Each structure stands twice: as C-alpha cells, then as structure tokens.
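Comments concern the structure below.
4 protein chains.
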Amino acid sequence: MNVGVFGYSGSLSDEKINRVSGLALEVGKTIAQYGHTLYTGGRDGIMELVSRGAKEMRGRVVGILPDGEVGNMYLDTRIDTGMDFTMRSLILVKSIDFVISIGGEVGTLFEIISAYCYEKPVILFEGTGGWTDRIDKVLIDKKYLDNRKLIEVKKVKSIEELREYLEVINDKM
Amino acid sequence: MNVGVFGYSGSLSDEKINRVSGLALEVGKTIAQYGHTLYTGGRDGIMELVSRGAKEMRGRVVGILPDGEVGNMYLDTRIDTGMDFTMRSLILVKSIDFVISIGGEVGTLFEIISAYCYEKPVILFEGTGGWTDRIDKVLIDKKYLDNRKLIEVKKVKSIEELREYLEVINDKM
Amino acid sequence: MNVGVFGYSGSLSDEKINRVSGLALEVGKTIAQYGHTLYTGGRDGIMELVSRGAKEMRGRVVGILPDGEVGNMYLDTRIDTGMDFTMRSLILVKSIDFVISIGGEVGTLFEIISAYCYEKPVILFEGTGGWTDRIDKVLIDKKYLDNRKLIEVKKVKSIEELREYLEVINDKM
Amino acid sequence: MNVGVFGYSGSLSDEKINRVSGLALEVGKTIAQYGHTLYTGGRDGIMELVSRGAKEMRGRVVGILPDGEVGNMYLDTRIDTGMDFTMRSLILVKSIDFVISIGGEVGTLFEIISAYCYEKPVILFEGTGGWTDRIDKVLIDKKYLDNRKLIEVKKVKSIEELREYLEVINDKM
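Chains as they are written, first to last, in the working numbering: chain A, 1 to 173; chain B, 174 to 346; chain C, 347 to 519; chain D, 520 to 692.
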C-alpha cells in the first residue's frame, strides 16, 4: 500500500520537531517493515525523518515536490508537480491509501482536511502536538469532519498501536 | 478587488441552503454594489445564489470550474481548470483578495483552511451554520488558525456589518 | 465567446514583436468589437499588445497567470493558477472557444499543439513569423495535426479575413 | 536516473502498436538493465509494453495518471494527479531526466514539445512511425525546436544505438 505521512516541516533542530524526531524515525521504519511505500511532500522536518527511517529498513520512498524542488536525500522517486507548496499536497493525498499525521502547523491541518475530502483514512499520532492534537476539538462524534460521516479519523498513542492498525489493514488485503 | 464566496453546494431546495438563500443573494448584491468582482467555484448552492445576486446588480462574476464543467448560468468568465473538484478550489483561493464564508460542509472547511494557508483574509458570516460557525472552536485566540498568527479570521453577523468591512477595505485602497 | 491569443512573449522593443505590434493591437480591438472576451497568458509581448487593443475598444480581458505573477496592466480578471509558466497555458487553452496565433517561439508551438489536443480551433495569422508560420510544414493535408483529423487548423492573412471568420462564427451562434 | 517513454496509447492489438511491440518491450528492459527508473503516463499501448519490459528485468516503474485512474498492472508507484489526460503529462515530463519517443499521435507530439519546453533531452526512436518520425520535418538545423537551440533532439535507429546513448549518459554521471 501507499502510506502518507504529514507533519511539521522545518529544521530538524527546531524544538517542536526535535521532540518527536525519534518517533518519526520509528514511524518510517514501521511503514517499511510492513512492506508499504512511504509517500511524503519530499521536503524537510518530519518528511525527512520518516523517509530516513524508511530507508534504514530498505523501504521505498516517494516525494511529491513543489515546482522545481529536488527534495531531501532519502527519496527513491521524485515527482516535480510544477505546482506551489500547498497545491502539490493534493497530489500527495490523492496518491495514498491512508495517512499518519505527526504534529504540524496549518499546512498539516490543510492536509488532514484534504485527506478527509478525498475519503482517505487519517491516523492522528496523539501527543505529537500541533494540529494533530488540536483537530480533536472539531471532530463530530469524536470521529468525523462532516455530517456525512464517510471516513473515520483514527488515533494511535504509540508505535505498538500503529502496528496493530497496520496488522488489521494487512489482514484486510 | 476580487472577492470570493465559499459555502454549501447542492440543490437550492436543500433545507440548509434554503435557510440562507436570501442572505446569499444579498451578499452577492453587496459585493457588486461595491464594484468588486465575485469569484466562486462556479457551481450550484451558495455559489449560484451569490452569483445571481451579483448579476442583479450588474456585477462581474468569475467561476473557477472543475474539469469539463460549464457551471451555473450567472458566470461572465468561466475558467476550466482541468482539475478535480477539490484541487480547483486552490486556484479560486489564490485568485482572490479576500473571501466570505456562508455555512458549508467539509469542502468549505477545506477552502477556509486553504485561504488561511495563502494568507487571504476570511470573513465568517456567523449564524449561517456548517463549518462557518463550527470553525470558531478551533481558532487560536479566537482569531488565528496557527501560531504564526499571520492572518486574522474576521466575523460578521449581518449585511450591515459586511458593508462596514467593505467600507474599511475601500478606504484602504 | 472566449477568444484566446497566443504569440511571442518578451519586451515590446524586441524586433520580432515590434514588427507585428500594430497587427496585434488590431487583433485585440477586433475581438472586443465582436463582443468576445479576450483570454491570454496575461504577460508581456503579444499578450500585452492584444490586451491593450481590446481595452481600447472597452472589451473584457482575462489573464491566466503563472504562480504568483500579477500580469500586465490591461487585465480585468486575473487568475493565479499556482502553476509554472507552461502548465498554466493548458488552463488558458481549456477555457477558450477558439484561438488566434501570432508569431511565437516554442511556447507558442506548445500552445498550438495543446489547443489541437483539446479540439479548440486554431487560427494561424500568416506572415507573423515564428511557429505560427512554421507549423504549416507539419500539417497533414495542410489542415490537421493528426490522422484523426478532428479539428481543422485555419489560416488568415489580414484583419479583414479575421473579421470574415468572426462573422461566420457569430452567424453560427 | 528517471527515464520517460512516450508513445502510442491504445489497445495492444492495434496494428500500429503491434508493429513496434517487440521494440517497446526491449526499450523497457534496456532502461531497467541500466538501473534507471521508468516513468510513463501509466496507461495502455506503448506505456504498458515498456513497463512490462522493465518489470521483466526487475526495474522500477512509475505511472503519472490522470484523475482517478489506476493504470496498468506493471506500476510500482502510482501518482494520481487529479488532472486531465493532457495536463498530467506535464508532471511526467517535469519529473524525468530524459525521454525516449516511440511512434505516437498528437498526444505524443504534445509530450515531445513539452519536453523541449522544459529542456529535457528527447530521443526519437526512428522508424517507429507517427509523430516520432514526423517531427523531423520541423526541426531547425535537424536538431532544435526553436531558435534558442537549448536542447538537441537526438535520434536512435536501434536498441544498440540506444545502449550507446545510455552508456554515454552513465559515463557523465
């Protein structure tokens, strides 16, 4: 499957990224261990960390990049979308089967909402801060982003819970 | 200026659209009276109502359409983006100076967040339901969608308050 | 109708643009006189000249712009596509009913081919140089760009011939 | 490197595709043997044949797809661009280092011109028919598509000549 990861962009020394860097590496490794391909926006911050994790486990990494950018050093496949930063995120969202969200500013909120619009399951990694935690407040019945209730927003609190979710998905395949 | 309007799509007989149809017409008329060009997604529901209002005041109406669609009958300018429903909304957002939001499901939430990402001022028309009212719960300091606080989200409760806002903008031009 | 114009971009003092500047102004005026809306890529060179011509006759002008650009001073409607220079041309092509080509480098060739792909009639203004004249060599049966022969490529040699073509189109409406 | 292949789309039983199917398979195998990743538009015809060839040599295959399509069965990486058939070809062109063209109707002509616009080297596989052969007539000095002469259009007549070209490129890396 194609698994997306959203999250904080920016320098790895940034405090809010640094705080979850170990976790991001583990998420990348876990996706690769389950044989899934990792899709990200191809840039820095969480995108770079999960990609490094996936490559450490010899996984495949795809980066969906804004116009003219080359992306981080862990990408096997680079897609130059010719689009701006925000618009290219939609091609990322459309190309994945489900997505894991780690922290993140308004760009991550944008991606979470986009995933819901395209009916792609979103897994919030709780306790990672930013919009991943804050989105909780607006969920309808703690699970949905609109009244049609088409896609459930899931939450995991640990790598173990993430593994359980991936097991369930593998069983369904 | 180029003024966008977001809101419920769907049939005009839909109860949640019907409830705000008079208001939507007035918003369209008001935008035209101030000499602004109205930009919408070009389809039905609120998009059609504000466009009809603007045309009744001989305003100009631009519709940013998904691939292959012709849009409602009130459009002076049709843009066929070649893109899907969601993606084309970003071209709408990028092309406007500010936007007014009326009710709306998750597609409207997507557009509100997009406008914030592109630093376009958003005016929530309070009491119109849907995400226009619900977004309030996630605002930081009742005004912002992220910690960088670049753009204030505004609220108006009536056509009179909308006019006041448009006066302020005209004075700045 | 929505009428596109393709052609040389660049400075108006450039010799190859300067040579056809009077003609480009006349084409813009003519489009406006027939009540059509002019669509261009919104930038300099031929795009600017036809737009100026259209505005002199109080016509409407739409510019389909690359990411973040504001375009020339004659645009009534600006569309910021969020895309690169080349990609945004496809939104221009999709949004028009037919197109007139004046001179032009490989970017114009790209637009002529795009118009054919989308089955939009192309009118080559003969004698204006560049790819508008050079395309002749590859036409199949002097009229088509592929063996399916879906759309005829037309040629005009003067403003009078362009008017005749516009009359025929008006009669069909 | 990322190597694109353009060419006829359509059913494999179509005479003009059938005639070059052995060659297309060989081109796919060759790209994989040199360790390059194959990029195509992800659909049928030549796209499918080269992808099958690449997979037979355990190569990597990326498909850049129109909105909502799943593509042929040989894709390792699927990108859903959310765009129409023609527009999505530009993301393909932007994401590759160079491209090989085999036969093809006006859609292939569009892709050859696009590659030139983005300054990506184009290798025409001579004798494969369609626009790959026909483009010759419009080349300036038998090599260029505009007067700026930025990128040379190359031609190969056999798999051996293609291998020689790939050797030269490998030496430069």
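For each residue, glycine too, the CB sits at the ideal point set by N, CA and C. Treat the numbers as computed from the prediction; the structure is a model and nothing was measured.
Could you list which residues in chain D have their beta carbon closer than 9 angstroms to that of residue i, in chain order?
i, result
"threonine 37 (chain A)", "Asp595, Thr596"
"tyrosine 462 (chain C)", "Val625, Leu628, Phe629"
Check the Cβ of residue i against every Cβ in chain A and list those closer than 9 angstroms, keeping chain order.
i, result
"isoleucine 610 (chain D)", "Ile79, Asp80, Thr81, Gly82, Met83, Ile91"
"methionine 174 (chain B)", "Within 9 angstroms Cβ-Cβ: nothing; methionine 174 (chain B) doesn't reach chain A, min ~22 angstroms."
"isoleucine 219 (chain B)", "In chain order: nothing, as chain A lies at least about 16 angstroms away."
"isoleucine 296 (chain B)", "The contacting residues do not exist; isoleucine 296 (chain B) stays about 18 angstroms from chain A at best."
Under the DSSP definition of a beta bridge, which residues are partnered with residue i?
i, result
"methionine 602 (chain D)", "B:Met256"
"threonine 596 (chain D)", "D:Val581"
"threonine 559 (chain D)", "D:Gly582"
"tyrosine 317 (chain B)", "B:Ile313"
"phenylalanine 471 (chain C)", "C:Val502"
"isoleucine 102 (chain A)", "A:Gly7"
Listing by chain order, which chain C residues have their CB less than 9 angstroms from the CB of residue i?
i, result
"valine 235 (chain B)", "Val408, Thr423, Ile425"
"isoleucine 536 (chain D)", "By Cβ distance, chain C contributes nothing, its closest Cβ being about 14 angstroms from isoleucine 536 (chain D), past 9 angstroms."
Based on Cα-Cα distance, which residue from the options lies nearest to residue i?
i, options, result
"glutamate 402 (chain C)", "C:Lys466, C:Ile486, C:Leu421", "C:Leu421"
"isoleucine 659 (chain D)", "D:Lys668, D:Asp652, D:Arg653, D:Thr651", "D:Lys668"
"leucine 92 (chain A)", "A:Asn72, A:Lys142, A:Val62", "A:Val62"
"glutamate 340 (chain B)", "B:Tyr207, B:Pro239, B:Trp304, B:Met174", "B:Tyr207"
"arginine 406 (chain C)", "C:Val396, C:Asp430, C:Leu358, C:Arg389", "C:Val396"
"glutamate 48 (chain A)", "A:Leu162, A:Glu126, A:Val20, A:Val138", "A:Val20"
"valine 618 (chain D)", "D:Glu638, D:Gly590, D:Asp690", "D:Glu638"
"glycine 469 (chain C)", "C:Val502, C:Lys440, C:Lys362", "Sequence check: residue 469 (chain C) is isoleucine here, not glycine. Of the listed residues, the one whose Cα sits closest to isoleucine 469 (chain C) is C:Val502."
"leucine 107 (chain A)", "B:Cys290, B:Gly277, B:Gly280, B:Thr281", "In the sequence as presented, leucine is not what sits at residue 107 (chain A); that position holds glycine. Ranking B:Cys290, B:Gly277, B:Gly280, B:Thr281 by Cα distance to glycine 107 (chain A) puts B:Cys290 first."
"leucine 185 (chain B)", "B:Asp217, B:Phe283, B:Ser287, B:Arg307", "B:Asp217"
"isoleucine 252 (chain B)", "B:Phe283, B:Ile286, B:Thr259, B:Gly215", "B:Gly215"
"isoleucine 615 (chain D)", "D:Phe604, D:Glu630, D:Gly623, D:Ile536", "D:Glu630"
"glutamate 472 (chain C)", "C:Glu507, C:Asp430, C:Glu361, C:Ile515", "C:Glu507"
"threonine 605 (chain D)", "D:Gly649, D:Pro640, D:Leu628, D:Thr556", "D:Leu628"
"threonine 478 (chain C)", "C:Val349, C:Lys362, C:Asn348, C:Met347", "C:Lys362"
"valine 349 (chain C)", "C:Asn418, C:Tyr385, C:Gly476", "C:Tyr385"
"isoleucine 392 (chain C)", "C:Asp482, C:Val373, C:Thr423, C:Lys488", "C:Val373"
"arginine 231 (chain B)", "B:Ala205, B:Asn343, B:Gly302", "B:Ala205"
"glycine 183 (chain B)", "B:Asn245, B:Asn320, B:Met174, B:Leu196", "B:Asn245"
At which residues does the beta strand (DSSP E) containing residue i begin and terminate?
i, result
"asparagine 521 (chain D)", "521-526"
"lysine 155 (chain A)", "153-156"
"valine 452 (chain C)", "First-last for valine 452 (chain C): 452-463, but that is the alpha helix (DSSP H), not the beta strand (DSSP E)."
Give the residues of chain D in contact with residue i, contact being defined as C-beta atoms less than 7 angstroms apart.
i, result
"aspartate 492 (chain C)", "Glu624, Val625"
"valine 484 (chain C)", "Arg653, Lys656, Val657"
Would you mind giving the Cβ-Cβ distance between residue i and residue j, rounded to the nearest angstrom? I have them listed as a contact below 8 angstroms.
i, j, result
"leucine 371 (chain C)", "glycine 399 (chain C)", "4 angstroms"
"isoleucine 621 (chain D)", "valine 524 (chain D)", "7 angstroms"
"isoleucine 286 (chain B)", "leucine 263 (chain B)", "No, isoleucine 286 (chain B) and leucine 263 (chain B) are not in contact; Cβ-Cβ is about 11 angstroms, not under 8 angstroms."
"methionine 602 (chain D)", "glycine 255 (chain B)", "6 angstroms"
"valine 326 (chain B)", "arginine 134 (chain A)", "Not a contact, Cβ separation roughly 15 angstroms."
"threonine 376 (chain C)", "threonine 250 (chain B)", "Not confirmed; about 20 angstroms, so no contact."
"glutamate 164 (chain A)", "glycine 130 (chain A)", "Actually they do not touch by this definition, with Cβ atoms about 24 angstroms apart."
"arginine 261 (chain B)", "proline 294 (chain B)", "Arginine 261 (chain B) to proline 294 (chain B), Cβ: 21 angstroms. No contact."
State the start and end residues of the unbroken alpha helix (DSSP H) segment that holds residue i.
i, result
"valine 366 (chain C)", "Neither: valine 366 (chain C) is in no alpha helix (DSSP H) and is coded neither H nor E."
"valine 266 (chain B)", "261-268"
"isoleucine 688 (chain D)", "678-691"
"lysine 639 (chain D)", "Counting along the chain, lysine 639 (chain D) falls outside any alpha helix (DSSP H), and DSSP gives it neither H nor E."
"valine 569 (chain D)", "565-575"
"aspartate 652 (chain D)", "649-653"
Applying a beta-carbon distance threshold of less than 7 angstroms, which residues of chain C neighbour residue i?
i, result
"lysine 267 (chain B)", "Asp426, Gly428"
"methionine 87 (chain A)", "Gly428"
Note down, in chain order, every chain B residue with its Cβ under 8 angstroms from the Cβ of residue i.
i, result
"aspartate 586 (chain D)", "Asp240, Met256, Asp257"
Who are the neighbours of residue i on chain D, taking C-beta pairs under 8 angstroms?
i, result
"isoleucine 515 (chain C)", "By Cβ distance, chain D contributes nothing, its closest Cβ being about 24 angstroms from isoleucine 515 (chain C), past 8 angstroms."
If the cut is a Cβ gap below 7 angstroms, which residues of chain A does residue i touch?
i, result
"isoleucine 273 (chain B)", "By Cβ distance, chain A contributes nothing, its closest Cβ being about 19 angstroms from isoleucine 273 (chain B), past 7 angstroms."
Since residue i meets chain C, which of its residues come closer than 8 angstroms, beta carbon to beta carbon?
i, result
"isoleucine 632 (chain D)", "Val452, Leu455, Phe456, Ile459"
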